[in-house]
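> Quick mapping for you: the protein sequence lines, in order, are chains A and B.
Following the numbering used here, the numbering of the first sequence begins with 247 at its first residue and continues without gaps.
Following the numbering used here, the numbering of the second sequence begins with 100 at its first residue and continues without gaps.
Mind looking over this structure? Questions follow.
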Amino acid sequence: MIRIEGLTKIFNSNGNDIVAVDSIDLTIQPAEFVIILGTNGSGKSTLLNLLAGSLAPTAGSIFFDQKEITSLKEYQRSAFIARLFQNPLAGTASELSVIDNFRLAALRSKSRKLILGNTKSFEEKVKHKVSLLQLGLESKLHQPIGSLSGGQRQALTLLMATMDNMQLLLMDEPTSALDPRSAERVMELASRFIKELGISAIMVTHSLKEAHRYGNRIIQMDQGRIIKDLSDSEKKQISLQQMIEWFA
Amino acid sequence: MDALFAAITQGLAYAALALGIFLTLKIFNIPDITTDGSYTLGGAITAVALSAHVPVVWVFPMAFAGGALAGVATGVIHTRLNINPLLAGILVMIALYSVNLFIMGRSNIPLTDLSSFFSDSSVTNFIKAFVFALILILLITLLLKTDFGIAMRASGNSESMVLAMGVNIEKMKITGLALANALTALSGSLMVQYQGFADINMGVGIVISGLAAVILGESFIRLAKKSSLLLNIVMAVAGSVVFRVLLAVALLAGLPPQALKLVTALIVLSIIAVLKISFRERT
């Protein structure tokens, strides 16, 4: 369970204070897949970065399972948080082979020792996992991951997240750089993993269609504040047309 | 013939330097020029230790540790103070000049009549330098294939990914710079034992030798159109040897020694230019 209290982020540019996130309180339960909508500059990406630890808050606290994690660095939070970035290149190391990328992902919450971890059995395990994607990538495990398309990389990044302990999945416009078919594949996959693993997930998106179709809770942000927070049952009663009107 | 043979042996002695530059430039994507200082540091430690009759087997770990400390200094300045790595390297390199003078006590230490890694036989020296380089190639390749090494390689490749994978990238960069400069210091140690003296100015511009080796190695890889971790590392060492041979040929052809650094710079420039042009044609 994630709980944030009075979370605030103020950026200072040229002496002007810009309040990106304005004392937000929010609790997210396990198995909750939260969609965050909002116009540009509404603070949704900042909120995601505060949760991931790549930004430090100006005020407020973040709790994970009753334990305060506000002062934990990004790499320390990675022990239980996985991320899917807007840029498909950001979630993988291009020059490293697919299998090396998976090896690193399998050690997200562990220490990386001076042992040769890319064993035959590890490779078989990855091969099996990758074959479930049905993208034919299981024969390309030794290719640099950079030689694959953005959609393939984004799908692999998601799969990599499941290689190690994951309690929270943060997704920042994960499909905005993908073609419609790849986008749908990534969303179906994410949705499936969240359900199967019973984890919490937060996705920032500009696609109202995705927002309408996926997730079981929806939040709208404006000027750093939460202005709408709909539960699963409320979300189901909202039509796509009504959602478009939120932004009118 | 003797001069060419000596050049090959020297190229092998510079293999550790080439591997150090390979690590910072190709693996970590950091332009580090602590090199000039840490190379001399390795040489200074070696000269003083051998003069004090420290056994040769102890001299290498001492030089290695000295270089590692220099790398840690650059790494800490770069990551903890958030200073550009190039500037961090320059600062440590300049500071090391004084440190090296303190260690040596004077600007030149001859090592005549002292036992060292190398002997009087050029064939034995070649074999020793070759085995030394071979061991380093195998160790570095093995290291980069471990779980730790995968994280190392990813660090220079995608910072966002590595942070999301739970890697403390600052610690990783410091470790990488330490290892790279430790290797550089090993080269300094080998060269001092090979040439029989240490000099405070022996490291001036040495970074370009490592750079030339790595860039030559890269061009071999492009020509071969094959790439693997081991091949990349072997080619960096091959680049080191080829570069020394090129310089030796230039000297044999009558190049005045004072023009050596100019020619060195021109060789490196022309390789980079050729790589750029041939790469542009293909894309």
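Beta carbons are placed, not taken as given, at the ideal position from N, Cα and C, and that holds for glycine.
Because the structure is a prediction, the values reported are computed rather than measured.
Just to check my reading of the structure: Gly265(B) and Leu116(B) have Cβ atoms closer than 8 Å, yes? What is that Cβ distance to the nearest angstrom?
Position 166 of the second sequence holds residue 265(B). Position 17 of the second sequence holds residue 116(B). Wrong, their Cβ atoms sit about 33 Å apart, outside the cutoff.
> Would you say Arg179(B) reaches chain A, if we count a Cβ-Cβ gap shorter than 9 Å as a contact?
As a working mapping, residue 179(B) is identified with position 80 in the second sequence. For Arg179(B), the answer is no, since every Cβ of chain A falls outside 9 Å of its Cβ.
> What residue does the beta strand (DSSP E) around Gln109(B) start on, and which one ends it?
Mapped onto the second sequence, residue 109(B) falls at position 10. No beta strand (DSSP E) holds Gln109(B); the alpha helix (DSSP H) holding it covers Asp101 to Ala112.
> What number of angstroms, rounded off, separates the C-alpha of Ala112(B) from the C-alpha of Gly141(B)?
Against the second sequence, residue 112(B) aligns to sequence position 13. Against the second sequence, residue 141(B) aligns to sequence position 42. Roughly 13 Å between the two C-alpha positions.
> Kindly indicate which three-state DSSP category Phe216(B) falls into: helix, strand or coil?
Locating residue 216(B) in the second sequence gives position 117, where the first residue counts as 1. Here Phe216(B) sits in coil by DSSP.
> My guess is that His458(A) and Leu486(A) are in contact by the Cβ rule of under 8 Å, so how many angstroms apart are they, rounded?
Along the first sequence, read from residue 1 onward, the residue named residue 458(A) stands at position 212. Along the first sequence, read from residue 1 onward, the residue named residue 486(A) stands at position 240. Between Leu486(A) and His458(A) the Cβ distance is about 5 Å, and since that is below 8 Å, they are a contact.
> Roughly how many angstroms lie between the CA atoms of Thr382(B) and Ile371(B), to the nearest whole one?
By one-based count along the second sequence, residue 382(B) stands at place 283. By one-based count along the second sequence, residue 371(B) stands at place 272. Below a pLDDT of 50, predicted positions are generally treated as unreliable, and Thr382(B), at 45, falls in that range; no measurement from the model is reported.
> Whole alpha helix (DSSP H) runs in the segment 294 to 325 of chain A with 4 or more residues, listed along the chain?
If we require 4 residues or more, the alpha helix (DSSP H) runs fully inside the segment 294 to 325 of chain A come out as 320 to 323.
> What are the partner residues of Leu330(A), as DSSP defines its beta bridges?
The residue labelled residue 330(A) in the question sits at position 84 within the first sequence. Note: Leu330(A) sits in a beta bridge opposite Met417(A).
> So, with DSSP's three-state summary, where would you put Arg399(A)?
By one-based count along the first sequence, residue 399(A) stands at place 153. Correct three-state label for Arg399(A): helix.
> Could you check if Gln466(A) is buried or exposed, using at least 16 other CB atoms within 10 Å of its CB as the buried criterion?
In the first sequence, residue 466(A) corresponds to position 220, counting from 1. Gln466(A) is buried by the Cβ-count criterion.
> May I ask you to list the residues that DSSP assigns as paired with Asp298(B)?
Stepping through the second sequence from its first residue, residue 298(B) is reached at position 199. Partner(s): Asn207(B).
> Residues in the segment 286 to 311 of chain A with C-beta within 8 Å of chain B's C-beta atoms, listed in sequence order?
Under the 8 Å Cβ criterion, the segment 286 to 311 of chain A contributes Ala298 and Ser300.
> Taking the C-alpha atoms as reference points, what is the distance between Ile234(B) and Val333(B)?
For this step, residue 234(B) is matched to residue 135 along the second sequence. For this step, residue 333(B) is matched to residue 234 along the second sequence. Going by the C-alpha atoms only, they are around 11 Å apart.
> Compare the C-beta of Leu118(B) with all C-beta atoms of chain A and state if any pair is closer than 9 Å.
Here residue 118(B) is taken as the residue at index 19 of the second sequence, counted from 1. Taking Cβ atoms only, chain A never reaches closer than 9 Å to Leu118(B), which makes this a no.
> So, at 8 Å on beta carbons, what are the nonlocal neighbours of Gly397(A) in its own chain, with the 5 sequence-adjacent residues on each side left out?
Along the first sequence, read from residue 1 onward, the residue named residue 397(A) stands at position 151. Correct list, in chain order: Pro334, Leu424, Asp425, Arg427, Ser428, Ala429, Arg431 and Val432.
> Going straight from the alpha carbon of Leu103(B) to that of Gln389(A), what length do you get?
The residue labelled residue 103(B) in the question sits at position 4 within the second sequence. The residue labelled residue 389(A) in the question sits at position 143 within the first sequence. In a straight line, the C-alpha of Leu103(B) is about 40 Å away from that of Gln389(A).
> Could you list which residues in chain A have their beta carbon closer than 8 Å to that of Asp131(B), in chain order?
Indexing the second sequence from 1 puts residue 131(B) at position 32. None at all; the shortest Cβ gap to chain A is about 19 Å.
> If we cut at 9 Å on Cβ distances, does Thr382(B) have a partner in chain A?
Here residue 382(B) corresponds to residue number 283 of the second sequence, with the count starting at 1. Reliability of the predicted coordinates at Thr382(B) is poor, the pLDDT of 45 falling under 50, and the value obtained from them is presented with this limitation in mind. Chain A, which has no Cβ nearer than 9 Å to the Cβ of Thr382(B), makes this no.
> Taking Cβ to Cβ, would you say Ile282(A) is nearer than 9 Å to Leu294(A)?
Taking the first sequence and counting its residues from 1, the one referred to as residue 282(A) is at position 36. Taking the first sequence and counting its residues from 1, the one referred to as residue 294(A) is at position 48. Yes, they are a contact pair.
> Could you give the distance in angstroms between the alpha-carbon of Thr290(A) and the alpha-carbon of Val450(A)?
Within the first sequence, numbered from 1, the residue matching residue 290(A) stands at position 44. Within the first sequence, numbered from 1, the residue matching residue 450(A) stands at position 204. Residue 290(A) is actually Lys in this sequence, not Thr. For Lys290(A) and Val450(A), the distance between alpha carbons rounds to 7 Å.
> Run through chain B and tell me which residues come within less than 8 Å of Ser255(A), C-beta to C-beta.
The count along the first sequence starts at 1 and reaches residue 255(A) at position 9. First, the amino acid is wrong: residue 255(A) is Lys here, not Ser. Those do not exist, as Lys255(A) stays about 19 Å from chain B at its closest Cβ, beyond 8 Å.
> On the DSSP letters alone, give me the boundaries of the alpha helix (DSSP H) that Leu322(B) sits inside.
Taking the second sequence and counting its residues from 1, one reaches residue 322(B) at position 223. Its alpha helix (DSSP H) spans residues Val306 to Ala323.
> So, is the C-beta of Leu289(B) closer than 9 Å to a C-beta in chain A?
Translated into the one-based positions of the second sequence, residue 289(B) becomes position 190. Leu289(B) does not count as touching chain A.
> Sort Leu374(B), Leu322(B), Phe319(B) and Met271(B) by Cα distance to His177(B) and report the nearest one.
Within the second sequence, numbered from 1, the residue matching residue 177(B) stands at position 78. The candidate whose alpha carbon is nearest that of His177(B) is Met271(B).
> Report the residue ranges of all alpha helix (DSSP H) runs contained in full by the segment 122 to 168 of chain B; include only those spanning at least 4 residues, in chain order.
List check, alpha helix (DSSP H) in window: 134 to 150.
> Does the segment 337 to 344 of chain B come close enough to the segment 141 to 153 of chain B that 3 or more CB-CB pairs lie under 8 Å?
Not touching, per the Cβ criterion.
> Give a yes or no on contact between the segment 245 to 254 of chain B and the segment 316 to 330 of chain A, applying the rule of three or more CB pairs nearer than 8 Å.
Result no; under three Cβ-Cβ pairs closer than 8 Å.
> For the alpha helix (DSSP H) that Ser367(A) lies in, which residues bound it at each end?
Within the first sequence, numbered from 1, the residue matching residue 367(A) stands at position 121. Run containing Ser367(A): Lys366 to Ser377, per the alpha helix (DSSP H) assignment.
> Three-state secondary structure (DSSP) at Thr382(B)?
In the second sequence, the residue the question calls residue 382(B) occupies position 283. Residue confidence is low: Thr382(B) scores 45 on pLDDT, short of 50, so the model does not pin down where it sits. Its coordinate-derived value is still stated next. Looking at Thr382(B) - three-state DSSP - the assignment turns out to be coil, as it is neither helix nor strand.
> Just the C-alpha distance for Ala401(A) and Leu243(B), rounded to the nearest angstrom, thanks.
Counting from one through the first sequence, the residue named residue 401(A) turns up at place 155. Counting from one through the second sequence, the residue named residue 243(B) turns up at place 144. Looking at the two C-alpha atoms, the distance is approximately 26 Å.
> Any idea what DSSP makes of Pro355(B), helix, strand or coil?
Position 256 of the second sequence, counted from the first residue, corresponds to residue 355(B). It is coil, neither helix nor strand.
> Take the Cβ of Asp475(A) as the centre, count every other Cβ of all protein chains shown within 10 Å, and call the residue buried at 16 or more, exposed below.
In the first sequence, counting from the first residue as 1, residue 475(A) sits at position 229. By the 10 Å Cβ count, Asp475(A) comes out exposed.
> Leu360(A) touches chain B at which residues, Cβ-Cβ below 7 Å?
Taking the first sequence and counting its residues from 1, one reaches residue 360(A) at position 114. Under the 7 Å cutoff, chain B gives Thr245 and Phe247.
> Give me whichever residues DSSP pairs with Thr273(A) in a beta bridge.
Sequence index remark: in the first sequence, residue 273(A) carries index 27 (1-based). Thr273(A) pairs with Arg249(A).
> Tell me whether Asn260(A) sits in a helix, a strand or coil according to DSSP, three-state version.
Your numbering for residue 260(A) matches position 14 in the first sequence. In this structure, Asn260(A) counts as coil in the three-state DSSP scheme.
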